[in-house]
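Student: Residue numbers (this note's numbering), protein chains in the order written: chain A, 46 to 459; chain B, 137 to 433. For glycine and all other residues, C-beta sits at the position ideal for the given N, C-alpha and C. Here the structure is a predicted model, which means the values were calculated and not measured. My questions will all concern the structure given below.
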Amino acid sequence: MHKTLIIAKWEYLEKIKTKAFVLSLVVTPLIIILFSVLPALLSQKEDMRTKVIGVVDTSGVFFNGLQKELEEYRIDNNQPNYVLINLSGRNKNLAELKSKADKDVLDKAIEGYMLILNAGTDSLKVDYRSEKIGSFKDLKIFNEKINKLRVQHELRAKGLNPEVADILQNNVEINLIKIEKSGEDGRPDFMVVFFSSFIFILLLMMMVIYSGQMLVRSLIEEKSNRIIEILISSCKPEELLAGKILGLSALGLTQILIWSLIAVALIGGAVIPPSAFENILPMLLYFILGFLFYTTIFVGVGSIVNTEQEAQQFTTYISLLLILPVVFTMPAIENPDSLLIKILTYIPLTSPSIMLLRLKIAPVPLSDIIITLAIISTSTLVMIKIAAKIFRIGILSYGTKPSLKELIQWIKEK
Amino acid sequence: MLIVENLVKKFNNTTAVNNISFVVKPGTIFGLLGPNGAGKTTTIRTILNIIKPTSGKILFNDSVITDEFFNIIGYLPEERGLYRKSKVIDTIIYFAELKNLSRQTAVQKADKWLKKLSIGEYRERKLEELSKGNQQKVQFITSVIHDPQLMIFDEPFAGFDPINQQEIKDLIFSFRSEGKIIILSTHQMDTAERLCSEIFLINKGKEVRSGTLTKIRNEFGTRHIKLEFKGDGTFIKTLPEVAAFDNYGNYAEIKLKDDVNPSAFLRKIVGEIDVYRFSVVEPTLNQIFIDLIKKDK
């Protein structure tokens, strides 16, 4: 135990001092911020200017209404967001109007134009023609307004009050309330449930992949420069194994802690719903056990490969297995009682992340918690035994990768 | 005292070590010699308890080697390597702590050793910034800092210049006079010849010869001649009296057959070539090694 701690301390302190660690500490959040904030900033900036939009409407039904409806959209200095120009000249046929408008777009005289055909009939067709195809926000607004005007027009044609259109467009959304205790409202927000369960799986994944790869890399390094021989002539392989797992897990934890702190500092703690911390105790258990289970798999892999390239093949597959539950997040939230989810709950590889998910979605029976915890801890113990055996022999075998038959022999060896 | 008794180690179908036995007494340097792949490393790893023997016994001071022995064993592996990015002092302390030294003692001893091997100025430097020879010195320190009773050096002189080699040699001698049990594995026969009190020659996992150097020399025969000459000496090889002939250009080493009288042999060749020097010498360990391993094939 004493030597395990010495090894853990060494692994932790030596790795935390490396440039790579410090770099990843800063660079990763920076990249995430860049990816999440930059697009939002850019699209916001896009909105901060007045756009000139053409309208080709030979019937003349929509232009005035559209102009009025779009007036409510303003940018910062109270300038209008959209300025409409009527491009429907009297003496030109449609083909000419179209080619002239297209030219205007290409000449950047206008942002784009709406081509309204067959207005006032059942076969109304509207195109928005522009150089840019990414203006979803504009399109959504135009869509809404055109439809409102269309309904108003038809109501008027039938001699009805056009204000009915407003009533028709006022939709009522149904709120989803989760019942846990009678008379108390649960969290209604689907997104909150989704993300708060998602974030734990994501953290688990990140930690496993990060620490696991560190572990494999450190094993390969010690194997290739033969430090391993000095190490195992100084302590038991199990002590070395435990020390490495302990030290590198602490490292992974440190990293995630710092990242979380950065995240909280940036977004503010208020954003995290208190519900995210519900069931925190069993969740932590699943988190730790799941982490241990996966890490020992990484150790087994690290002891049989000789180069980082070889390791990459294995670690990629293991990481994929970890990501698998993410695919099931949606179906699990939609239907936590489905057979598939039940089955995945009892498979050690997927159990931790699926349980993290289930604990968030719906109340999980205590029996399920006990059974799954037993399954994961037993398989973790078995995996540690197997990994230690592979480790003991594998770390001294250089050169070729062992065959499956040899591996089984190693595991059987006393 | 280290006793290895009928040691056998099999890997799947191959037998790496085939029934070898030897004893190493305190205060002696035991030379474990053999060509590449002879089974030296496997033998050493079994003694270190890194791998378990298939059969046979290894006793240290009359008890079986267990995990308890980690702290009294010092091992310098043949292929060197340390954490390149770590500081010299940190590395030494880490390995010392792994051998159960307290941090305080570890620091004290580390400083003592760094000074002793005159690399004190590199204390705070990273390993990768050191020359190869100085890195080797650091590794040597890590293998002896805990004052182990059993020391195993695998090619301890590789990578050292002659001055440093001498320094390490002197250290190993001082360990011997302190009564340590020392196993030295090497290809450098001249070094083994000068250092080792006893030799164990291993090939293909089996013992080829063992015992003191004198004993092995006697067994091997003493009819060795060192000859300096001028002229075409190639005919010597074909003479019936000659068992082996190694021409080194400036001189030649000749092994005579057992019943040949060196004086008679000299008389025979002196008419054919100009002999500057003719001496009957003891065979070098190198000759014995090459000869025995060749015979074993």
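(1) By the 10 Å Cβ neighbour count, where 16 or more other Cβ atoms means buried, how is residue 401 (chain B) classified, buried or exposed?
(2) I want to see whether chain E comes within less than 7 Å of residue 251 (chain B), judged by CB atoms only; does it?
(3) Going by DSSP, which residues form a beta bridge with residue 167 (chain B)?
(4) Comparing alpha-carbon positions, which option in B:336, B:387 and B:350 lies nearest residue 174 (chain B)?
(5) Measure the C-alpha to C-alpha separation of residue 262 (chain B) and residue 286 (chain B) and round it to an integer number of angstroms.
(6) Which residues does DSSP list as the beta-bridge partners of residue 388 (chain B)?
(7) Name the DSSP bridge partner or partners of residue 175 (chain A)?
(8) Can the beta-carbon of residue 213 (chain B) be found less than 7 Å from the beta-carbon of residue 143 (chain B)?
(9) I want to know whether the stretch 294 to 311 of chain A touches the stretch 399 to 410 of chain A - three or more CB-CB distances under 8 Å.
(10) From the beta carbon of residue 316 (chain B), is the nearest beta carbon of chain A less than 7 Å away?
(11) If residue 351 (chain A) and residue 434 (chain A) are in contact, beta carbons under 8 Å, what's the gap, nearest whole angstrom?
(12) With residue 320 (chain B) and residue 168 (chain B) assumed to form a contact (beta carbons below 8 Å), what rounded beta-carbon distance in angstroms separates them?
(13) Three or more beta-carbon pairs under 8 Å between the stretch 250 to 262 of chain A and the stretch 294 to 308 of chain A, yes or no?
(14) Identify the contact partners of residue 48 (chain A) in chain B, using a Cβ-Cβ distance below 7 Å as the criterion.
(15) Take the Cβ of residue 270 (chain B) as the centre, count every other Cβ of all protein chains shown within 10 Å, and call the residue buried at 16 or more, exposed below.
(16) Would you verify that the beta carbon of residue 217 (chain B) is, or is not, closer than 7 Å to some beta carbon of chain A?
(17) Going by beta carbon distance, what residues of the same chain come within less than 6 Å of residue 280 (chain A), once the five residues before and after it are set aside?
(18) Compare the C-beta of residue 184 (chain B) against all C-beta atoms of chain A and say whether one is closer than 7 Å.
(19) Using DSSP with H/G/I as helix, E/B as strand and the rest coil, what is residue 170 (chain A)?
(20) At a Cβ threshold of 7 Å, is residue 281 (chain A) touching chain B?
(21) What residues in the stretch 92 to 105 of chain A bring their beta carbon closer than 9 Å to a beta carbon of chain B?
(22) I'd like to know whether the C-beta atoms of residue 106 (chain A) and residue 159 (chain A) end up nearer to each other than 7 Å.
(23) Is it buried or exposed, residue 393 (chain A), if we count other Cβ atoms within 10 angstroms and call 16 or more buried?
(24) Along chain A, which residues have their Cβ under 9 Å away from the Cβ of residue 268 (chain B)?
(25) Between the stretch 302 to 320 of chain B and the stretch 381 to 399 of chain B, are three or more C-beta pairs nearer than 8 Å?
(26) Going by beta carbon distance, what residues of the same chain come within less than 6 Å of residue 407 (chain A), once the five residues before and after it are set aside?
(27) Leaving aside the five residues before and after residue 248 (chain A) along the sequence, list all residues of the same chain whose C-beta is less than 7 Å from its C-beta, in chain order.
(28) Distance check for residue 182 (chain B) and residue 199 (chain B), CA to CA, integer angstroms please.
(29) For residue 454 (chain A), I'd like the list of residues in its chain whose CB is within less than 8 Å of its CB, leaving aside the five on either flank, ordered along the chain.
(30) Check each candidate in B:252, B:264, B:197 and B:150 and name the one with the smallest Cα separation from residue 137 (chain B).
(31) Would residue 353 (chain A) count as contacting chain B if we go by Cβ distances under 7 Å?
(32) Chain B beta carbons: is any one of them nearer than 7 Å to that of residue 455 (chain A)?
Tutor: Let's see:
(1) buried
(2) Included in the structure are the protein chains A and B, with no chain E among them.
(3) B:320 and B:335
(4) B:336
(5) 29 Å
(6) B:363 and B:383
(7) A:157
(8) no
(9) no
(10) no
(11) Actually they do not touch by this definition, with Cβ atoms about 18 Å apart.
(12) 7 Å
(13) yes
(14) 234
(15) buried
(16) yes
(17) 48
(18) yes
(19) strand
(20) yes
(21) none
(22) no
(23) buried
(24) In chain order: nothing, as chain A lies at least about 13 Å away.
(25) no
(26) 381
(27) 301
(28) 15 Å
(29) none
(30) B:197
(31) no
(32) no
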